[in-house]
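Asks:
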Amino acid sequence: YSLLGRRAFRENYERVLGGPPYDETLKNWQEFSPAFNAHRTKAPVLMEFSPQEALFGLEMSAAFRRHGVPVEFVVYPDEGHIFTQPEHRYFSMQRNLDWFNFWLQGRERPDAAARDQYARWRDMRRRAQESERTKP
Numbered sequence: 049y050s051l052l053g054r055r056a057f058r059e060n061y062e063r064v065l066g067g068p069p070y071d072e073t074l075k076n077w078q079e080f081s082p083a084f085n086a087h088r089t090k091a092p093v094l095m096e097f098s099p100q101e102a103l104f105g106l107e108m109s110a111a112f113r114r115h116g117v118p119v120e121f122v123v124y125p126d127e128g129h130i131f132t133q134p135e136h137r138y139f140s141m142q143r144n145l146d147w148f149n150f151w152l153q154g155r156e157r158p159d160a161a162a163r164d165q166y167a168r169w170r171d172m173r174r175r176a177q178e179s180e181r182t183k184p
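Under the working numbering, the first residue of the sequence shown is numbered 49, with each subsequent residue one higher.
Laid out in C-alpha cells, this is it:
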C-alpha cells in the first residue's frame, strides 16, 4: 500500500477493499492478501517480474516458502510490467510451459539447458511432499 506511490493506485485499492489497511478495514486487506493467506495455497507458484515490480512479490514469495509451497521467483532485467524484449518473452513462455508440464503432467523437456531448473523443481517437489507428511 505504501509502496504504490501514486494516489490513484491507493484510492483504487481503498475503493475495492473498503478503505485503507488500518482500523476497521484492516480485516478486508488481510482476507485479500496473498501473503496472509499463503497457508491455504496448495499449488506450486511461478512468479515472474520486472525489476521495478519484483519488490512487491518478495513478501508473497517468502510467505509461500514459509508454508512449504513450491515457488519459483524470476526477475527479467530491463523490463516493464508487460515484457517487451523478444528474448524475455520467449524464456517466460518456455518457462511457463515447462512449469505446467512438470507440475501437472510430470513431464520434463529433454534439453540440457533446462537441466538446472528441473533439478531445482524436483527438489521443491520433494520438500513439499516432506512438508505435507509432517503437517499435523
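Even for Gly, the Cβ is constructed at its ideal location relative to N, Cα and C.
Computed from a prediction, not measured in an experiment: that's the story for all the values here.
Can you have a look at Asp71 and say buried or exposed, based on whether 16 or more other CB atoms are within 10 angstroms of its CB?
Replies: Within the sequence shown, residue 71 is the residue found at index 23, counting from 1. It is exposed - the Cβ of Asp71 has fewer than 16 other Cβ atoms within 10 Å.
Asks: Taking 7 angstroms as the cut-off, is the C-beta of His87 nearer than that to any heavy atom in the ligand ADP?
Replies: With respect to small molecules bound, the structure shown includes none, and the ligand ADP cannot be examined in it.
Asks: In this structure, what does DSSP give as the bridge partners for Glu96?
Replies: Stepping through the sequence shown from its first residue, residue 96 is reached at position 48. The partner list for Glu96 (beta bridge, DSSP) reads Val122.
Asks: Given this structure, state the Cα-to-Cα distance separating Phe148 from Glu156, to the nearest angstrom.
Replies: Taking the sequence shown and counting its residues from 1, the one referred to as residue 148 is at position 100. Taking the sequence shown and counting its residues from 1, the one referred to as residue 156 is at position 108. In a straight line, the C-alpha of Phe148 is about 10 angstroms away from that of Glu156.
Asks: Does the region 167-183 come within contact of the region 114-124, defined as at least 3 CB pairs closer than 8 angstroms?
Replies: Yes: at least three Cβ pairs fall under 8 angstroms.
Asks: Check Lys183 in the structure and name its three-state DSSP category.
Replies: The residue you call residue 183 lines up with position 135 of the sequence shown. Three-state result, Lys183: coil.
Asks: Do you know how far the Cα of His129 is from the Cα of Arg54?
Replies: As a first step, residue 54 must be located in the sequence shown, where it is residue number 6. As a first step, residue 129 must be located in the sequence shown, where it is residue number 81. So the two alpha carbons sit approximately 16 angstroms from each other.
Asks: Using a Cβ-Cβ cut-off of 6 angstroms (strictly less than) and excluding sequence neighbours within five positions of Ser68, which residues of its own chain qualify?
Replies: Working through the sequence shown from its first residue, we reach residue 68 at position 20. A small fix is needed here, since residue 68 is Pro in this sequence, not Ser. Around Pro68: Glu62.
Asks: How long is the line joining the alpha carbons of Pro99 and Arg88, rounded to whole angstroms?
Replies: For this step, residue 99 is matched to residue 51 along the sequence shown. For this step, residue 88 is matched to residue 40 along the sequence shown. For Pro99 and Arg88, the distance between alpha carbons rounds to 27 angstroms.
Asks: I'd like the ranges of any beta strand (DSSP E) spanning at least 3 consecutive residues and lying wholly in the region 112-177.
Replies: Counting whole runs of 3 or more residues, the region 112-177 contains the beta strand (DSSP E) stretches 119-123.
Asks: For Gly105 and Phe84, which I take to be in contact (beta-carbon distance under 8 angstroms), what is that distance rounded to the nearest angstrom?
Replies: Position 57 of the sequence shown, counted from the first residue, corresponds to residue 105. Position 36 of the sequence shown, counted from the first residue, corresponds to residue 84. The Cβ separation is near 15 angstroms, so there is no contact.
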